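Asker:
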Amino acid sequence: MTVRVRFAPSPTGMLHIGGVRTALYAWLWARKNQGQFILRIEDTDAERSTEESVNVILDSMRWLGLDWDEGPEVGGDRGPYFQTKRLSLYQEYAEKLINEGKAYRCYATREEIATAREAYEKETGKRGFRFRSPWRDRTDGDPSQPHVVRLKVSLEGETGWKDVVYGDVSYPNSEQQDFVLIRQNGLPLYNFGCFVDDASMGVTLVIRGDDHLINTPPQLMLYAAAGIEPPKFAHLPMVLGPDGKKLSKRHAAVSVLEYRDLGYTPDGLLNYLARLGWSHGDEELFTREQLIEKFDWDGVGKAASKYDTKKLEHVQSHHLRELSNETLAQKVTPHLRARGLEVSSTDPRLPLAIEPVKLRATTFIDLADGLDYFFREVPEQDEKAVRKFLKQDSVPVLEKWIDIIESAEGESFTPDAMKAELVRWMEAQELKMKHVMPPARVALTGRSKSPGVFDIAIVLGKQRSLERLRKGIEQAKAAEA
RNA sequence: GGCCCCAUCGUCUAGUGGUUAGGACGUCGGCCUCUCACGCCGAAAACAGGGGUUCAAGUCCCCUUGGGGUCACCA
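Numbering (this note's numbering), first residue to last: 13 to 493.
(1) Please report how far the alpha carbon of G253 lies from the alpha carbon of E325, in whole angstroms.
(2) Does the Cβ of A440 have 16 or more other Cβ atoms within 10 Å, making it buried, or fewer, making it exposed?
(3) I'd like the span of the beta strand (DSSP E) that includes W173, first residue to last.
(4) Among D359, V327, H330, which residue has its Cα nearest to the Cα of E338?
(5) Check for me: the alpha helix (DSSP H) holding K108 runs from which residue to which?
(6) Taking just the CA atoms, how far does L383 sit from H331?
(7) Only counting the same chain, and skipping five residues up and downstream in sequence, which positions put a Cβ closer than 6 Å to that of L11?
(8) State the DSSP-derived secondary structure class of S166, mapped to helix, strand or coil.
(9) Given a cut-off of 8 Å on the beta-carbon distance, is the pair V327 and G280 in contact?
(10) So what does DSSP say about G382, is it helix, strand or coil?
(11) Return the bridge partner residues of Y183 from the DSSP annotation.
(12) What residue range does the beta strand (DSSP E) around K244 cover?
(13) What is the DSSP secondary structure of P200, reduced to helix, strand or coil?
(14) Please name the residue, chosen from H292, E296, G473, that lies closest to I414 on a Cα-to-Cα basis.
(15) Which word fits T228, buried or exposed, when buried means at least 16 other C-beta atoms lie within 10 angstroms of its C-beta?
(16) DSSP state of E479, grouped into three classes?
(17) Name the DSSP beta bridge partners of V218, please?
(18) Inspect the beta-carbon positions of I53 and P84 and report whether they are closer than 8 Å.
(19) Quick test of the definition: if touching needs 3 or more C-beta pairs under 8 Å, does the stretch 193-200 touch the stretch 164-184?
(20) When DSSP builds the beta bridges, which residues end up paired with K412?
(21) For E334, tell me which candidate among K318, A373, W309 has the shortest Cα-Cα distance.
(22) From the DSSP output, in three-state form, read off E296 for me.
(23) In or out: D190 buried (at least 16 other Cβ within 10 Å) or exposed?
(24) Just verifying my parser: in three-state terms, what is the DSSP assignment at Y116?
(25) Got a sec? Which residues, its chain only, sit under 6 Å from L234 by beta carbon, not counting five neighbours each side?
(26) Measuring alpha carbon to alpha carbon, tell me which residue in N45, A237, M250 is nearest K108.
(27) Determine the closest residue to R361 out of S267, E301, A264, D467, with distance taken between C-alpha atoms.
(28) Does DSSP put V268 in a helix, a strand or coil?
(29) Answer yes if the stretch 207-222 comes into contact with the stretch 94-107, meaning at least three C-beta pairs across the two stretches below 8 Å, and no otherwise.
(30) From the DSSP output, read off the bridge partner residues of V192.
(31) Is the beta carbon of V68 sitting closer than 8 Å to the one on L282?
(32) Of all the options D180, G205, R195, K164, which has the alpha carbon lying nearest to the alpha carbon of Q188?
(33) Evaluate Q495 with the Cβ neighbour count: other Cβ atoms within 10 Å of its Cβ, from every protein chain shown; 16 or more gives buried, anything less gives exposed.
(34) Is the distance from the Cβ of S182 to the Cβ of E170 below 8 Å?
(35) For G239 and Y105, I'd like the C-alpha separation in whole angstroms.
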């Protein structure tokens, strides 16, 4: 049987980090098994669903590179892939269950139920009210009147299944009630919509967060009532914030698109997320292909995990460095433009400058920052660095630099050749590297931290290096003694 | 509160009855070094507690504790 899995977000906001991990595992499983990955939009909450959220989800999935075989925009045999476009199907399933006496129309009003709940809580002092509808066995209702459809649930025994990650799980049926399938407005409720869709879309493995563990028994009851073989279930432990609480906006970036804007690579984010809750021996770093090859359910743990941005940054910086300088050039260009630097993504200086900078960057934003002074006509200067290193006594040093770079031609315009010359002079002056490098660094970059000074001079080229050094001398001379 | 799930360094985790309890991030020290990074070397750091079972328990069972989830005409 070919693997068919789905990711079924509800368009009520951004796609967050926990959802991405669920989507990722499903996607990996589909790709690993040459199965189908279905994207289904669960938009039956008319109050909260928005079209904007649908676009955010689609954009997020596309950015992550989690392509879907069936779903919005690509279509498929089992569509439509928006629940609100499948209403007649839910009606059909519901009516079949009603006709078979497995479900019934309930005309009790919300008020009646609320009153009964209050009475129960007042009387027992407990939560956990279960509504017992008087309409369960009545046949005198008028279907033209407002009503909901409920499933006749047996309160005897228990309902369990063998979860792919949790193993045997079961819930006593006494915890259940005749839950609602179709609400008064005709829209299906989560468990029913989910059941109808998974069944009619031929989903073989339901992958979702463990907050859905509790929803599995009702869904299993629906499969049983409809006489349909249920799929398998894999519930994933939660992703919590660093403080062990439910992940929320308070905990750094939680929306996928924020990571895109922060300059992360999809592969870095995905690698980190994959390892959060799944492991493959001691391996930590994976390419997308390796993830597909190595992902398996045995490696998925049962315990909730905490989101750790430090580790994410580490994994991300690794993935950034794995990209070629040419690819990085292309990806970083928009970020350079955002800083007001008009640089072409094919500018030949870009890969050269990227080489030393990428070891110092985690994201494209960092990369753009590290590249800034190479492409800015006049580099922005760190005042503290200027004050500290461009002083009167820096003048001779800077003049020597000018001398070296001016006379450097072809073969001698290399880090090694320049260094040899500088060292010769330095020793004669009884100076150390630490006296001779910082002034040049600040003059060339405006900063006190940067890659090697010689490398920078090479990328900058003779002309621009000389210009900046001359300006540095002016500043040094203007400084107080 | 009822029900369900979970529990190895601060964090992510390896471990499937016999290990000096391993790796990674982070932290701390050192090396490299023109700064910052990268890289390399090293250190501190964990089996929540209590009972069993067993020759032997991080590994199996029970209880306690702690954490999480969920109790809708939300998903």
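All C-beta atoms in this analysis are idealised placements derived from N, C-alpha and C, irrespective of residue type, glycine included. The structure displayed is predicted, hence computed values, not measured ones.
Answerer: If we stick to the structure as given:
(1) Taking the straight line joining both Cα atoms gives about 16 Å.
(2) It is exposed - the Cβ of A440 has fewer than 16 other Cβ atoms within 10 Å.
(3) First-last of the beta strand (DSSP E) with W173: 170-175.
(4) Minimum Cα-Cα distance from E338 among the listed residues D359, V327, H330 corresponds to D359.
(5) The continuous alpha helix (DSSP H) containing K108 extends over residues 99-111.
(6) Each residue's alpha carbon lies about 19 Å from the other.
(7) For the chain, the structure presents residues 13 to 493; residue 11 sits outside this window and is missing.
(8) Correct three-state label for S166: coil.
(9) For V327 and G280, yes; Cβs fall inside 8 Å.
(10) Helix at G382.
(11) According to DSSP, Y183 bridges with T171.
(12) Per DSSP, K244 belongs to the beta strand (DSSP E) from 244-248.
(13) If DSSP states are grouped into helix, strand and coil, P200 belongs with the strands.
(14) Restricting attention to H292, E296, G473, the CA atom closest to the CA of I414 is found in G473.
(15) Counting Cβ neighbours within 10 Å, T228 comes out buried, since at least 16 surround it.
(16) Under the three-state reduction of DSSP, E479 is assigned to helix.
(17) Beta-bridge partners of V218 (DSSP): F245.
(18) Yes; because the gap between Cβ atoms is below 8 Å, this pair is in contact.
(19) Flag = no, the stretch 193-200 and the stretch 164-184 do not touch.
(20) For K412, which the question treats as bridged, DSSP gives no partner whatsoever.
(21) Checked all of K318, A373, W309; the closest Cα to E334 is A373.
(22) If DSSP states are grouped into helix, strand and coil, E296 belongs with coil.
(23) Label assigned to D190: buried.
(24) Strand.
(25) So the list reads F207, once near-sequence residues are dropped.
(26) Cα-wise, what sits closest to K108 is A237.
(27) Comparing alpha-carbon positions, the option among S267, E301, A264, D467 lying closest to R361 turns out to be D467.
(28) If DSSP states are grouped into helix, strand and coil, V268 belongs with the helices.
(29) Verdict: yes, contact present.
(30) For V192, the pairing in a beta bridge is given by DSSP as R162.
(31) For the pair V68 and L282, the CB atoms are not nearer than the 8 Å cut-off.
(32) Minimum Cα distance to Q188 is reached at K164.
(33) With the chain covering only 13 through 493, there is no way to say anything about residue 495.
(34) Yes.
(35) Taking the straight line joining both Cα atoms gives about 12 Å.
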